[in-house]
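2 protein chains.
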Amino acid sequence: MGGDFGPSVTIPAVMAILAQYDELRFILAGNEASLLRIQQLDDPRQSERIEYLFTEEYLDNQVNPLHAIRRHRNSSLFLAVDMVRNGRADACVSAGNTGALIMAGRHLLRTLPGIERPAMMATLPNLQAQGSCLLLDVGAHINSSAQDLLTYARMGGIVAQYQLQRKPRLGLLNIGAEVHKGTEVIKTAAQVLSTSADIDYIGYLEPAELFAGKADVVVCDGFAGNITIKTSAGVVRAIEALWLQIAGRNLINRGRALLTASMFKELQQTINPSLFNGASVVGLDGILIKSHGNTDSEGFQAAIRQAVQEIDAGLPGLIGAGFAS
Amino acid sequence: MGGDFGPSVTIPAVMAILAQYDELRFILAGNEASLLRIQQLDDPRQSERIEYLFTEEYLDNQVNPLHAIRRHRNSSLFLAVDMVRNGRADACVSAGNTGALIMAGRHLLRTLPGIERPAMMATLPNLQAQGSCLLLDVGAHINSSAQDLLTYARMGGIVAQYQLQRKPRLGLLNIGAEVHKGTEVIKTAAQVLSTSADIDYIGYLEPAELFAGKADVVVCDGFAGNITIKTSAGVVRAIEALWLQIAGRNLINRGRALLTASMFKELQQTINPSLFNGASVVGLDGILIKSHGNTDSEGFQAAIRQAVQEIDAGLPGLIGAGFAS
Numbered sequence: 003m004g005g006d007f008g009p010s011v012t013i014p015a016v017m018a019i020l021a022q023y024d025e026l027r028f029i030l031a032g033n034e035a036s037l038l039r040i041q042q043l044d045d046p047r048q049s050e051r052i053e054y055l056f057t058e059e060y061l062d063n064q065v066n067p068l069h070a071i072r073r074h075r076n077s078s079l080f081l082a083v084d085m086v087r088n089g090r091a092d093a094c095v096s097a098g099n100t101g102a103l104i105m106a107g108r109h110l111l112r113t114l115p116g117i118e119r120p121a122m123m124a125t126l127p128n129l130q131a132q133g134s135c136l137l138l139d140v141g142a143h144i145n146s147s148a149q150d151l152l153t154y155a156r157m158g159g160i161v162a163q164y165q166l167q168r169k170p171r172l173g174l175l176n177i178g179a180e181v182h183k184g185t186e187v188i189k190t191a192a193q194v195l196s197t198s199a200d201i202d203y204i205g206y207l208e209p210a211e212l213f214a215g216k217a218d219v220v221v222c223d224g225f226a227g228n229i230t231i232k233t234s235a236g237v238v239r240a241i242e243a244l245w246l247q248i249a250g251r252n253l254i255n256r257g258r259a260l261l262t263a264s265m266f267k268e269l270q271q272t273i274n275p276s277l278f279n280g281a282s283v284v285g286l287d288g289i290l291i292k293s294h295g296n297t298d299s300e301g302f303q304a305a306i307r308q309a310v311q312e313i314d315a316g317l318p319g320l321i322g323a324g325f326a327s
Numbered sequence: 003m004g005g006d007f008g009p010s011v012t013i014p015a016v017m018a019i020l021a022q023y024d025e026l027r028f029i030l031a032g033n034e035a036s037l038l039r040i041q042q043l044d045d046p047r048q049s050e051r052i053e054y055l056f057t058e059e060y061l062d063n064q065v066n067p068l069h070a071i072r073r074h075r076n077s078s079l080f081l082a083v084d085m086v087r088n089g090r091a092d093a094c095v096s097a098g099n100t101g102a103l104i105m106a107g108r109h110l111l112r113t114l115p116g117i118e119r120p121a122m123m124a125t126l127p128n129l130q131a132q133g134s135c136l137l138l139d140v141g142a143h144i145n146s147s148a149q150d151l152l153t154y155a156r157m158g159g160i161v162a163q164y165q166l167q168r169k170p171r172l173g174l175l176n177i178g179a180e181v182h183k184g185t186e187v188i189k190t191a192a193q194v195l196s197t198s199a200d201i202d203y204i205g206y207l208e209p210a211e212l213f214a215g216k217a218d219v220v221v222c223d224g225f226a227g228n229i230t231i232k233t234s235a236g237v238v239r240a241i242e243a244l245w246l247q248i249a250g251r252n253l254i255n256r257g258r259a260l261l262t263a264s265m266f267k268e269l270q271q272t273i274n275p276s277l278f279n280g281a282s283v284v285g286l287d288g289i290l291i292k293s294h295g296n297t298d299s300e301g302f303q304a305a306i307r308q309a310v311q312e313i314d315a316g317l318p319g320l321i322g323a324g325f326a327s
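Quick note, the sequences are listed as chains D and L, same order. To get the working numbering, take the position in the first sequence, counting from 1, and add 2. To get the working numbering, take the position in the second sequence, counting from 1, and add 2.
Have a look at this one:
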């Protein structure tokens, strides 16, 4: 039900993913009329792999997360997260109210031992090299402490180590590379990280360096991280819109744009924000994926794929084991 | 002397600007050998409009701004700002150490009555419409209070009112549009702004909306603002680099790219970060422009043009009068 477009985006994404993964099954939580109206049951084999959990209650973005637990326990969002808690589902994917989702995750799934707060972890493309970069926290918690940043660093480090099978390079997002830059929280975290043996700490990174392949993991406060990913996506979308404006101005431009269409497609396949949609809520005893609320079906599919990867990796178990050792 | 490239960028920019403005004169502060080595005195009329203030001391980015006042009073940066204080210069443009420049500005030029802290104000392009958007603070101060944000709002409002000759639309940068989003500082500022008569307050803006022409002024903490402008510029540069990679891969791509070169040029003229270089340090009794340290000659020229515009507008006087009334 979540996100700016609700089932009109999430259900087509589910249908597309069903066609790509044979063994995947979905439980759709939400309003009966809304879900059934949009679902297109053209392939009966697919419908066998869909169950429903109907509820009338829906928790929109205007709901203050602080009120969500007390007043909205029967919302589709809470019920979906609760299916991960009780083992009926292996992962939950939602484009809904971020704060409420984090709250539901902390309350129902609980954080892993040694982790006070979960973080939202995004995957960013490296534009100048192969590979990608994990950025966390991108919005689970604003006003992170130095201890929070260290927890994020450790979680990101465990995930990157698993993905890359080598010691990951870790940076702290800051407004400059010099030691005197940044908040006291960042400076304190930097001091601790610079003496860490598990991690290849490379120092402060400025936002532009996020896309340059310098680091495998970058850690920041949830406010700064959220600003970073939303600015990045916004600039990409704005450039696309501007290019379409220029390309559509007259016949000559249209013809020229057509000739470079395949090159543009390649560019888009590297930078399209939809392909990097789906932030992992790490640090919980269960898999929870937050999709951007404003995404399209392609973006929601990417979020579902992120969930599948984390089920395959057994991500909460990996992080739990890392913190236990 | 400032910035990543020093006189090799700043002096060619000065030469280019001299050729464009007949009445402008420059005083270059810095190391004698460095300045004279790079200056190309091909046009004697231009050299008549250049004076020098030589000093051996240079304050690099590694210097902690807190030590700058005590230990580096004879640095080119301090001497340049001091020329604005004593009336020898109408404005100071620097690509040097941001923290030290703000410190020198506060210490030598002083803030205007009613203003506790200056802010760095950037101009962002509207990509989907004509016009631009003022964003402040982009890095003069991290950890802004609600009162700071209100001061920034008032300063930005005065400048936008002067530029647009109408009541400006003002937004607060936040991680979501909903009232429960953001820090306590942002929520407090929003409450006050929503009752303000001088300003058309339009609420919270997410970063992607900065480029959409929704607001004339957007206010934020210096950390978030700095992250925003550096992420924006970084994404634009990364996309350019990626396009050049794709376009240069083979002869066919090169030919196709050539056909769309004029369209690309148009795109770049709207979004090229260099064209928007030059943040105005507003709130001081004097004109101070901070250029990005990593900019090229074109970018430094934009910063100088920003200074010329502020001299013409008498910006400190405008802001002072606004706060006095």
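In this text, a Cβ means the ideal position worked out from N, Cα and C, and glycines have one as well. Keep in mind it's a predicted model, so treat the numbers as computed, not measured.
Asked: Partners in chain L for residue 292/D, counting only beta-carbon separations shorter than 9 Å; Found: In chain order: nothing, as chain L lies at least about 13 Å away.
Asked: Contact the segment 63–76 of chain L vs the segment 177–185 of chain D: 3+ CB pairs below 8 Å; Found: yes
Asked: Beta-carbon separation (whole angstroms), residue 205/L vs residue 184/L, contact threshold 8 Å; Found: The pair is not a contact, with the Cβ atoms about 11 Å apart (cut-off 8 Å).
Asked: Per-residue contacts from residue 63/D into chain L (C-beta, under 7 Å); Found: 180
Asked: Span of the alpha helix (DSSP H), counted from its first residue to its last, around residue 118/L; Found: No alpha helix (DSSP H) contains residue 118/L, which DSSP labels as neither H nor E.
Asked: Span separating the alpha-carbon of residue 101/L from that of residue 142/L; Found: 7 Å
Asked: Rounded straight-line distance, which links the Cα of residue 89/L to that of residue 126/L; Found: 30 Å
Asked: Within chain L, the residues that residue 144/D reaches when beta carbons sit closer than 8 Å; Found: 177, 184, 185
Asked: Proximal residues, the segment 264–281 of chain D versus chain L, C-beta separation under 7 Å; Found: 265, 268, 269, 272, 273
Asked: Residues that residue 134/D contacts on chain L, provided the C-beta gap is smaller than 9 Å; Found: Residues of chain L passing the Cβ test: none, with the nearest at roughly 13 Å.
Asked: Rounded Cβ spacing between residue 124/L and residue 5/L (contact assumed at less than 8 Å); Found: Incorrect: roughly 16 Å between the Cβ atoms, too far for contact.
Asked: Option nearest residue 94/L by Cα separation, candidates 322/L, 319/L, 281/L; Found: 281/L
Asked: Beta-carbon gap between residue 111/D and residue 86/D smaller than 8 Å; Found: yes
Asked: For residue 53/D: DSSP bridge partner residues; Found: 29/D
Asked: Chain D within 8 Å of residue 236/L, Cβ atoms only; Found: yes
Asked: Residue 289/L - DSSP class collapsed to helix/strand/coil; Found: strand
Asked: Supposed contact pair residue 261/L and residue 244/D - C-beta distance, whole angstroms, cut 8 Å; Found: Actually they are not in contact, since the Cβ atoms of residue 244/D and residue 261/L sit about 19 Å apart, beyond 8 Å.
Asked: Residue from 232/L, 251/L, 255/L with nearest C-alpha to residue 274/L; Found: 232/L
Asked: Inter-residue CB distance, residue 16/D and residue 7/D (contact presumed, cutoff 8 Å); Found: Not really, about 14 Å apart at Cβ, beyond 8 Å.
Asked: Exposure of residue 199/L, with buried meaning 16 or more beta-carbon neighbours within 10 Å; Found: exposed
Asked: Own chain residues within Cβ distance below 7 Å of residue 259/D, not counting five before or after; Found: 249
Asked: Inter-residue spacing [alpha-carbon to alpha-carbon] between residue 118/D and residue 150/D; Found: 8 Å
Asked: DSSP-derived helix/strand/coil call for residue 202/D; Found: strand
Asked: Neighbourhood of residue 326/L by C-beta, 8 Å cutoff - its chain only, sequence neighbours within 5 removed; Found: 115, 116
Asked: Which residues DSSP lists as bridging residue 94/L, in chain order; Found: 290/L
Asked: Residue ranges of each alpha helix (DSSP H) within the segment 229–279 of chain D, 4 or longer; Found: 253–261, 263–273
Asked: Below-8 Å beta-carbon distance, residue 106/D vs any chain L residue; Found: no
Asked: Members of the segment 230–255 of chain D that neighbour chain L once the beta carbon cut-off is set at 7 Å; Found: 230, 232, 233, 234, 235, 236, 237, 238, 239, 240, 241, 243, 244, 245, 248, 249, 255
Asked: The beta strand (DSSP E) enclosing residue 281/L, as first and last residue numbers; Found: 281–284
Asked: Spatial distance of residue 92/D from residue 284/D (CA atoms); Found: 15 Å
Asked: Contained alpha helix (DSSP H) runs [length at least 4] in the segment 97–175 of chain L, N- to C-terminal order; Found: 100–106, 148–166
Asked: Cβ-Cβ distance between residue 217/L and residue 168/L below 8 Å; Found: no
Asked: Residue burial classification, residue 22/L (beta-carbon count within 10 angstroms, cutoff 16); Found: exposed
Asked: 8 Å Cβ cutoff, residue 57/L in contact with chain D; Found: no
Asked: Alpha-carbon spacing of residue 219/L relative to residue 269/L, whole angstroms; Found: 24 Å
Asked: Rounded distance between the beta-carbons of residue 78/L and residue 3/L, thought under 8 Å; Found: 5 Å
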